[in-house]
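Numbering (the numbering used here), first residue to last: 96 to 393. Beta carbons: idealized from backbone N, C-alpha and C, even for Gly. Every value quoted in this text rests on a predicted model; they were computed, and no experiment measured them. Down below is the structure, laid out as structure tokens.
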Amino acid sequence: MKKQEVKNDYNSWILKFLNYLDIVKGRSKGTVKEYERKLKKFFSWSNCLNPDKITKETIWQFRVYLNDRGLSKKTQSYYLIALRNFFKFLKNEGLTTLDPLLIELPKIKRNEIEILTDNELKRFLNSVELKNNDLKSLRDKAILECLFSTGLRVSELCNLNRDIDLEKREIIVKGKGGNIRTVFLSQRAVIFLKKYLDKRPDNFKPLFISVAKNSFGQRLTSRAVQKIIKYYAYKSGLTKNIHPHSLRHQLATTLISKGVDIRLVQELLGHKNISTTQIYTHITKPKLKEVFQKYIDK
96 MKKQEVKNDY NSWILKFLNY LDIVKGRSKG TVKEYERKLK KFFSWSNCLN
146 PDKITKETIW QFRVYLNDRG LSKKTQSYYL IALRNFFKFL KNEGLTTLDP
196 LLIELPKIKR NEIEILTDNE LKRFLNSVEL KNNDLKSLRD KAILECLFST
246 GLRVSELCNL NRDIDLEKRE IIVKGKGGNI RTVFLSQRAV IFLKKYLDKR
296 PDNFKPLFIS VAKNSFGQRL TSRAVQKIIK YYAYKSGLTK NIHPHSLRHQ
346 LATTLISKGV DIRLVQELLG HKNISTTQIY THITKPKLKE VFQKYIDK
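See below:
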């Protein structure tokens, strides 16, 4: 059967692809939006209306363009991944386009994950001043404790609603790819979540909201949570690059260093592949040796 040629412009195919990501693949709204932004950026740069006109040389010149702009190899790879998945979708639709296998990804050096010491973590979690128990401080404290005890991604945290069951200390989360998993709240996280919710004068659905006068009740964005984490990292005198994902790393390394099976950590974090979780075994090797000697060398 002869493959059909692309007759519509790139916008119509991007729309079909985004619907596919949303409906079939179950990607988050944030992921779908990023795919749209990157694909439209590419086609705007290439000044090409039809995807079937894109060649391997076009992709190479785009890589040169991204590199000349000073974008990191990791950021460049995100653009190329979006393009690769887009052309894979077109190919599966029976269209004559560039073979997605011809879109090579740059090799990326795995950055070292900065882990807080026990003292640094304690300083960070205790950096929120709760003297007056004002709503903002209680919210920020609940966010810090919740991120550390659950290992949630920042987008997952922001999507939480206030109807979580604090008595069970469990939260059912819909993560990447629509995968469902259960995470657990520490006693400290439950304590401050209860204090925060008791202080809330509203019945808005989101768990974590803006408390500013001009945006009160609006769901906190990932960017807003990132600013909160950066603020308290600075306040606690940390020189390490701390962000919301740092607390996810922190939980993983803490659990593995305590001897928790890596498969359980994988399930808790919602990693699709065990290889993603295995990075933490390199970080915690000294601790793992201690656990081994404690339980085996008796």
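query, result
"How would you label residue 201, buried or exposed, when you count the other beta carbons within 10 angstroms and need 16 or more for buried?", "exposed"
"Below 8 Å on the Cβ atoms is my contact criterion, and I expect residue 231 with residue 287 to pass it. Report the Cβ-Cβ distance as a whole number of Å.", "Residue 231 to residue 287, Cβ: 13 Å. No contact."
"So which of 199, 341, 264 and 141 has the shortest CA-CA distance to residue 157?", "141"
"Just verifying my parser: in three-state terms, what is the DSSP assignment at residue 260?", "strand"
"To which residues of the same chain is residue 97 closer than 8 Å at the C-beta, ignoring the five residues directly before and after it?", "Any reading at residue 97 is ruled out, since the residue's pLDDT is 45, under 50, leaving its predicted position unreliable."
"Quick one: using the 10 Å Cβ neighbour count with 16 as the cut-off for buried, is residue 307 buried or exposed?", "exposed"
"From the DSSP output, which residues share a beta bridge with residue 277?", "267"
"Which residue's Cα is closest to the Cα of residue 336: 352, 225, 296 and 219?", "219"
"The alpha helix (DSSP H) with residue 324 in it runs from where to where?", "317-330"
"For a quick check, are the C-beta atoms of residue 292 and residue 303 less than 8 Å apart?", "no"
"If you draw a straight line from the alpha carbon of residue 131 to that of residue 233, how long is it in whole angstroms?", "37 Å"
"Any idea which residues DSSP pairs residue 304 with across the strands?", "314"
"For the 8 Å Cβ check, are there 3 or more pairs between the segment 265-284 and the segment 313-333?", "no"
"With a CB to CB cut of under 6 Å and the five nearest residues on each side skipped, what residues in its chain are close to residue 253?", "315 and 317"
"Check the C-beta distance from residue 285 over to residue 261 and give it rounded, since I have them as a contact under 8 Å.", "5 Å"
"Three-state secondary structure (DSSP) at residue 185?", "helix"
"Please list, in chain order, all residues of the same chain as residue 340 whose beta carbon is under 6 Å from its beta carbon, the five residues on each side excluded.", "none"
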